[in-house]
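Peer 1: One structure, as structure tokens, below. Some questions next.
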Amino acid sequence: MFSLSHLRLLCEERKIPLISQATENFLGEILQKYKPKICLEIGGAVGYSAIFTAGLVRQRGGQVYSFEVSHPAYLEGLIHIRESGLGNITSYPGDCRQWPIKKLLPPKRRTSPKKADFVFIDGQKSQYAEYLEIIETLISDTTILVLDDVIKYHNKLSTVYRFLEKKQMNYEVRQLEADDGVMTMGL
2 MFSLSHLRLL CEERKIPLIS QATENFLGEI LQKYKPKICL EIGGAVGYSA IFTAGLVRQR
62 GGQVYSFEVS HPAYLEGLIH IRESGLGNIT SYPGDCRQWP IKKLLPPKRR TSPKKADFVF
122 IDGQKSQYAE YLEIIETLIS DTTILVLDDV IKYHNKLSTV YRFLEKKQMN YEVRQLEADD
182 GVMTMGL
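Number 84 in the numbering used here belongs to position 83 of the sequence shown; there are no gaps in the numbering.
Below, the structure is given as structure tokens:
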């Protein structure tokens, strides 16, 4: 029987990076409060956060679309996703910057792609601004965005701040741990 807490222990034993418990709790609060249905994740690693998210959005017909650049992590993630028994996760291998990402979310209508309700970015920190640029057509004013590890890796995020200033996007940095936290938009 699959257990998310067991997967966390395995990842911690193997030193596989995954969302902190504080970030998981914060995401859980957001997912419960705002009830998104279309969730996009960039930086899926071995599937932990996708499984966590999918478990919370499943009862309302929610779907998670996840990208992971490391092929071994992607393959391991597929195993964990299959073991979880959740059928509402679509996982893509490789860098989302190389995919026609607009075509991956099912269309709302024939002519327009569906907009994501929730986006979680936990990929390569120096690429966060590029990720935001790529998903720009997939988000709306009501989309909730969460960028992980923005305090710990603040020195890699100068392009993010330039992008946000250029686009005049409001954001908030929330410290969730002594040395780290998340950036949120749309809350």
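Where is the CB? At the ideal position from N, CA and C, for every residue including glycine.
Alpha carbon to alpha carbon, how far is K16 from G78?
Peer 2: In the sequence shown, the residue the question calls residue 16 occupies position 15. In the sequence shown, the residue the question calls residue 78 occupies position 77. Each residue's Cα considered, the two are about 15 Å apart.
Peer 1: My assumption, with CB atoms under 8 Å, is that L87 sits in contact with I122. Please give the rounded CB distance.
Peer 2: In the sequence shown, residue 87 corresponds to position 86, counting from 1. In the sequence shown, residue 122 corresponds to position 121, counting from 1. Wrong, their Cβ atoms sit about 21 Å apart, outside the cutoff.
Peer 1: Please report the residue range of the alpha helix (DSSP H) in which K97 lies.
Peer 2: Along the sequence shown, one-based indexing puts residue 97 at 96. The sequence shown places Cys at residue 97, rather than the Lys named in the question. No alpha helix (DSSP H) holds C97; DSSP gives it neither H nor E.
Peer 1: Can you give me the C-alpha to C-alpha distance between Q176 and Y93, rounded to a whole angstrom?
Peer 2: As a working note, residue 176 is residue 175 in the sequence shown. As a working note, residue 93 is residue 92 in the sequence shown. The straight-line gap from Cα to Cα measures roughly 30 Å.
Peer 1: Any idea if Q128 is buried or exposed, counting beta-carbon neighbours within 10 angstroms, 16 or more meaning buried?
Peer 2: Translated into positions along the sequence shown, residue 128 becomes position 127. Label assigned to Q128: buried.
Peer 1: Please list, in chain order, all residues of the same chain as Y154 whose beta carbon is under 7 Å from its beta carbon, the five residues on each side excluded.
Peer 2: Translated into the one-based positions of the sequence shown, residue 154 becomes position 153. Answer for Y154: K126, listed in chain order.
Peer 1: Does the segment 149-164 touch the segment 63-77, meaning 3 or more C-beta pairs lie closer than 8 Å?
Peer 2: No, the segment 63-77 is not in contact with the segment 149-164.
Peer 1: In the DSSP assignment, what are the bridge partners of I145?
Peer 2: Sequence index remark: in the sequence shown, residue 145 carries index 144 (1-based). Answer is F119, bridged to I145.
Peer 1: Can you tell me whether DSSP reads F1 as helix, strand or coil?
Peer 2: No statement about residue 1 is possible, as the shown extent of the chain runs from 2 to 188 and does not include it.
Peer 1: Out of E13, E30, T24, state which residue places its alpha-carbon closest to the alpha-carbon of V47.
Peer 2: Here residue 47 refers to the residue found at position 46 when the sequence shown is read from its first residue. Here the closest residue by C-alpha is E13.
Peer 1: Classify F119: buried if its beta carbon has 16 or more other beta carbons within 10 angstroms, exposed otherwise.
Peer 2: On the sequence shown, position 118 is the one that residue 119 refers to. When all chains shown are included, F119 counts as buried.
Peer 1: Tell me the residue span of the beta strand (DSSP E) that contains E173.
Peer 2: Taking the sequence shown and counting its residues from 1, the one referred to as residue 173 is at position 172. Taken as a continuous stretch (DSSP letters only), the beta strand (DSSP E) holding E173 covers 173-176.
Peer 1: Just reading off the alpha helix (DSSP H) that F53 is part of, what are its end residues?
Peer 2: Working through the sequence shown from its first residue, we reach residue 53 at position 52. Its alpha helix (DSSP H) spans residues 49-58.
Peer 1: L276 and Y49 look like a contact to me (Cβ under 8 Å); what is the Cβ gap, rounded to whole Å?
Peer 2: Because the chain spans 2 through 188 in this model, residue 276 falls outside it and cannot be assessed.
Peer 1: Can the beta-carbon of T143 be found closer than 8 Å to that of G187?
Peer 2: As a position in the sequence shown, residue 143 is number 142, starting the count at 1. As a position in the sequence shown, residue 187 is number 186, starting the count at 1. Cβ distance < 8 Å, so T143 and G187 count as in contact.
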